[in-house]
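Asker:
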Amino acid sequence: KQEVTQIPAALSVPEGENLVLNCSFTDSAIYNLQWFRQDPGKGLTSLLLIQSSQREQTSGRLNASLDKSSGRSTLYIAASQPGDSATYLCAAGSGNTGKLIFGQGTTLQVKP
Amino acid sequence: NAGVTQTPKFQVLKTGQSMTLQCAQDMNHEYMSWYRQDPGMGLRLIHYSVGAGITDQGEVPNGYNVSRSTTEDFPLRLLSAAPSQTSVYFCASSRTGGRGNNEQFFGPGTRLTVL
Chain A
17 KQEVTQIPAA
27 LSVPEGENLV
37 LNCSFTDSAI
47 YNLQWFRQDP
57 GKGLTSLLLI
67 QSSQREQTSG
77 RLNASLDKSS
87 GRSTLYIAAS
97 QPGDSATYLC
107 AAGSGNTGKL
117 IFGQGTTLQV
127 KP
Chain B
168 NAGVTQTPKF
178 QVLKTGQSMT
188 LQCAQDMNHE
198 YMSWYRQDPG
208 MGLRLIHYSV
218 GAGITDQGEV
228 PNGYNVSRST
238 TEDFPLRLLS
248 AAPSQTSVYF
258 CASSRTGGRG
268 NNEQFFGPGT
278 RLTVL
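Just so you know, the protein sequences line up as chains A and B, in that order.
For what it's worth, the working numbering labels the leading residue of the first sequence as 17, then goes sequentially.
For what it's worth, the working numbering labels the leading residue of the second sequence as 168, then goes sequentially.
(1) With a CB to CB cut of under 6 Å and the five nearest residues on each side skipped, what residues in its chain are close to residue 174(B)?
(2) Taking a contact to mean a Cβ-Cβ separation below 9 Å, would you say residue 88(A) touches residue 38(A) in this structure?
(3) Closer than 8 Å by beta-carbon distance: list the chain B residues that pair up with residue 50(A), in chain order.
(4) Relative to chain A, which residues along the region 175-199 of chain B have a C-beta separation below 8 Å, given in chain order?
(5) What is the C-beta distance between residue 245(B) and residue 225(B), in whole angstroms, given that I count them as a contact (C-beta under 8 Å)?
(6) Tell me where the beta strand (DSSP E) around residue 26(A) begins and ends.
(7) Just to confirm my understanding: we take residue 236(B), look at its own chain, exclude 5 residues before and 5 after, and list those with CB closer than 6 Å. What are they?
(8) Determine whether the Cβ of residue 241(B) lies closer than 9 Å to any Cβ atom of chain A.
(9) Could you tell me which residues DSSP puts in a beta bridge with residue 53(A)?
(10) Going by DSSP, what residue range makes up the beta strand (DSSP E) through residue 19(A)?
(11) Using a C-beta to C-beta distance shorter than 9 Å, which residues of chain A count as neighbours of residue 215(B)?
(12) If you draw a straight line from the C-alpha of residue 272(B) to the C-alpha of residue 106(A), how long is it?
(13) Under a CB-based cut-off of 9 Å, is residue 261(B) close to chain A?
(14) Closest to residue 40(A) by C-alpha separation, out of 74(A), 28(A), 77(A) and 90(A), would be which residue?
(15) Does the beta carbon of residue 228(B) sit closer than 9 Å to a beta carbon anywhere in chain A?
(16) Below 8 Å, can you find three or more Cβ-Cβ pairs linking the region 42-49 of chain A to the region 107-123 of chain A?
(17) Taking only the alpha-carbon atoms, compute the straight-line gap between residue 247(B) and residue 86(A) and give it to the nearest angstrom.
(18) Have a look at 115(A), 23(A) and 92(A) and flag the residue whose alpha-carbon is nearest the alpha-carbon of residue 75(A).
(19) In three-state DSSP terms, what is residue 218(B)?
(20) Can you say whether residue 115(A) is buried or exposed, counting buried as having 16 or more other CB atoms within 10 angstroms of its CB?
(21) At least one CB of chain A closer than 9 Å to the CB of residue 275(B): is that the case?
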């Protein structure tokens, strides 16, 4: 059974820092891994999707990597800003149902 | 494109009442799904559909029904609401399910309280 873990559960950093959010999964037979952002009381916003054949994806200050062999994905945020404060969720896609298995999320606070 | 829309945004029900949560998407996506989000439990799949006329159960289907008569709409029905169904419900869609370009897009959610 696929399990997805995100560490740390919460993170507080000063503005301007580069930071890394971690996501690990137990079953390497995934077909993709997706990173989302969730603001309090809001829905999920897709940030990056990495297909199983890819190593990384980039969008602006965000870079996500995928290492299937080690069961890990990382989300790198460069030059963090207070507007980056939110909960970041990773989700692994596997099987034939289109089902995403979500981690519990990392809640990020960027202080001005 | 409006993307994925959900109505209502908030709902309070009494135990035993029934209701339908609406979900629609305007991206011509074949795959649609419903998740519930609970503190400490994360997001869990309730039901999903790979196309009009085709639905299947997810991880936590009990107490919920779905149907998919059109590509655009995927309503979720609570048959007899229970306090355990108090949660935030999210609808999602993607071009396909499984492999391929299947980036999933989520709606804004429906916050349901069952008294």
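Quick reminder that beta carbons are idealized off the backbone N, C-alpha and C, glycines included.
Computed from a predicted model, the values in this text were never measured in an experiment.
Answerer: By the coordinates alone:
(1) Contacts found: 189.
(2) Contact flag set, yes.
(3) Ordered by position in chain B, the residues that pass the 8 Å Cβ test against residue 50(A) are 270 and 271.
(4) Contacts with chain A (Cβ-Cβ distance below 8 Å) from the region 175-199 of chain B involve 198, listed in chain order.
(5) About 15 Å; that fails the 8 Å criterion.
(6) According to the DSSP assignment, residue 26(A) belongs to the beta strand (DSSP E) that extends over 26-30.
(7) Contacts found: none.
(8) Judged by the 9 Å Cβ criterion, residue 241(B) is not in contact with chain A.
(9) DSSP output for residue 53(A) lists 61(A) and 104(A) as bridge partner(s).
(10) Segment: none, residue 19(A) is in no beta strand (DSSP E) and carries neither H nor E.
(11) Chain A residues near residue 215(B): 113, 114 and 115.
(12) So the alpha carbons of these two residues sit roughly 14 Å apart.
(13) Yes, residue 261(B) lies at the interface with chain A (some Cβ there is under 9 Å from its Cβ).
(14) It is 90(A) whose Cα lies nearest to the Cα of residue 40(A).
(15) For residue 228(B), the answer is no, since every Cβ of chain A falls outside 9 Å of its Cβ.
(16) Contact between the region 42-49 of chain A and the region 107-123 of chain A is present: three or more C-beta pairs spanning the two stretches fall below 8 Å.
(17) Those two C-alpha atoms are separated by around 44 Å.
(18) Here the closest residue by C-alpha is 92(A).
(19) The answer is strand: DSSP assigns residue 218(B) an E or B state.
(20) With 16 or more other CB atoms across the displayed protein chains lying within 10 angstroms of its CB, residue 115(A) is buried.
(21) The beta-carbon of residue 275(B) is placed less than 9 Å from the nearest beta-carbon of chain A.
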